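Residue numbers (the numbering used here): 5 to 421.
One structure is given here, and the rest of the page talks about it.
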């Protein structure tokens, strides 16, 4: 890649990453399949909610900081993931906080960064879902809303609170919403800024907390929700009929840094490189459907490969969008066959472990891809599917797909160097 302003070869590396999901803050391990992380929502459907330990972290985050007690759950999940990413990247000293007191990094809402100002780019399909529904219910009951209703429910409040929590004193704070590819919209924007020399470091990712009665009713109304029980692995990508879509909550955030060719060469540890981001769109009448051949997937994949200067043969595995809907799963595989031919790369998915987290799903899929690149391992699904259970050669480059309502799709290529 070339910096548009300096003309020098450069790479964008994932310096740190963090996540929170139905698996907590952990990543899936190889070996026997774990206990199903799904639970039954009060409405009677299976969901992928946070486990107890992660729920405690959310509660503590809200309790410790008065300003955070009013925030939507979507924002709090982003803060937890961003803190992990920033700490792993080593971007904060973890000691001196904005109030001058010394304490552990996770005990304070903000901490002073030891680097120049960074930018923030966060995607979310629905934003402050819970708070918006609460404020609307209050309005219907009382005819009025609190002063804070508007600022707490705008999409932009997600990125701005992440920036505040990271101790940002300058730089852009960007929020994106493009249904289930929102996180890759945020990531693509961050990559463009880095390549253009408009920033040197970014926190970018996606977050979603959609497990509300109203949102679940919307998903059920579409007719795609899984009929399987929470204990029966209800989300089954690539398993065919019936539809096994299951809603989940979570967040994943990445600490991105632009390195010159010389800096990248001087690194002594393997690098995770964000090699390309591509986008696709197909104009079809149905805003919830897609073409059988997945034209938007094809566009996004080709663009990501071109940006990364790679061919289909260079890709070792694909982390699918594949939400467990028969039509969506089939269209994505048709798109892959159009590009890769009959012999597809290894097909992987983490939705059978996390559910579909809407605007956070692409980021959590990328986090999963990074985990596979680092460990060369992942758990095997305990149901019949076309997902791979193991590799017969090293995995160096992974394509990650995402798509959403409205005909949009996005793809990312990540590689280990």
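Glycine included, each C-beta is placed from N, C-alpha and C at the ideal position.
In this text, all values refer to a predicted model and were calculated from it rather than measured experimentally.
Check: Per DSSP, what kind of secondary structure is residue 172 in: helix, strand or coil?; Outcome: coil
Check: From the DSSP secondary-structure annotation, give me the bridge partner or partners of residue 249.; Outcome: 229
Check: Would you call the region 388-405 and the region 321-338 in contact, with 3 or more CB pairs under 8 Å?; Outcome: yes
Check: Are three or more beta carbon pairs between the region 131-149 and the region 183-193 nearer than 8 Å?; Outcome: no
Check: Indicate the three-state DSSP secondary structure (helix, strand or coil) for residue 184 in the structure shown.; Outcome: strand
Check: Alpha carbon to alpha carbon, what distance is there between residue 199 and residue 288?; Outcome: 33 Å
Check: I'd like to confirm the pairing. Which residues does DSSP put opposite residue 360 in its beta bridges?; Outcome: 251
Check: Using C-beta distances below 6 Å, list every residue in its chain close to residue 256, excluding the 5 sequence neighbours before and after it, in chain order.; Outcome: 23, 85, 209, 367, 368, 371
Check: Please give me, in chain order, every unbroken run of the alpha helix (DSSP H) with length at least 4 that falls completely inside the region 123-175.; Outcome: 133-146, 153-157, 160-169
Check: Please state whether DSSP places residue 52 in a helix, a strand or coil.; Outcome: strand
Check: Would you grab the beta carbon distance between residue 41 and residue 55 for me? Rounded to a whole angstrom, and I think it's under 8 Å.; Outcome: 7 Å
Check: If the criterion is Cβ atoms closer than 8 Å, does the pair residue 249 and residue 328 meet it?; Outcome: yes
Check: Taking all protein chains shown into account, do 16 or more other C-beta atoms lie within 10 angstroms of the C-beta of residue 355, making it buried, or fewer, making it exposed?; Outcome: buried
Check: Reducing DSSP to helix, strand and coil, say where residue 297 ends up.; Outcome: coil
Check: Going by DSSP in three states, residue 420 sits in which element: helix, strand or coil?; Outcome: strand
Check: Going by the CB atoms, is the gap between residue 19 and residue 260 shorter than 8 Å?; Outcome: yes
Check: Provide the residue span of the alpha helix (DSSP H) that contains residue 332, from first to last.; Outcome: 330-344
Check: Could you check if residue 213 is buried or exposed, using at least 16 other CB atoms within 10 Å of its CB as the buried criterion?; Outcome: buried
Check: With DSSP collapsed to three states, give me the class of residue 87.; Outcome: helix
Check: Please go through the same chain and pick out, in chain order, the residues whose beta-carbon is closer than 8 Å to the beta-carbon of residue 388, but skip the five residues on each side of it.; Outcome: 243
Check: Do you know offhand how far residue 161's Cα is from residue 71's?; Outcome: 13 Å
Check: Helix, strand or coil: how does DSSP classify residue 315 here?; Outcome: coil
Check: Does the beta-carbon of residue 345 have 16 or more other beta-carbons within 10 angstroms, so that it is buried, or is it exposed?; Outcome: exposed
Check: Buried or exposed, going by whether 16 or more other CB atoms sit within 10 Å of the CB of residue 351?; Outcome: buried
Check: Closer than 6 Å by C-beta to residue 384: which residues in its own chain qualify, once you throw out the five before and the five after it? Chain order, please.; Outcome: 393
Check: Quick check: the Cα distance between residue 398 and residue 375, rounded to an integer number of angstroms?; Outcome: 13 Å
Check: Which runs of the alpha helix (DSSP H) fall wholly inside the region 259-296 and span at least 4 residues, in chain order?; Outcome: 265-270
Check: Are there 16 or more other CB atoms within 10 angstroms of the CB of residue 104, so buried, or fewer, so exposed?; Outcome: Summary for residue 104: the model assigns pLDDT 29, below 50, so the residue's position carries little reliability, and this model does not support an answer.
Check: Residue 378 by DSSP, collapsed to three states: which one?; Outcome: helix
Check: Alpha carbon to alpha carbon, how far is residue 77 from residue 25?; Outcome: 13 Å
Check: Determine the closest residue to residue 283 out of 222, 201, 184, 377, with distance taken between C-alpha atoms.; Outcome: 184
Check: Kindly identify the DSSP beta-bridge partner or partners of residue 412.; Outcome: 285, 408
Check: Just reading off the beta strand (DSSP E) that residue 322 is part of, what are its end residues?; Outcome: 321-323
Check: Beta-carbon separation of residue 391 and residue 353 under 8 Å?; Outcome: yes
Check: Near residue 294, which residues of its chain fall below 6 Å by C-beta distance, leaving aside the five closest residues on each side in sequence?; Outcome: 335
Check: Name the DSSP bridge partner or partners of residue 44?; Outcome: 50
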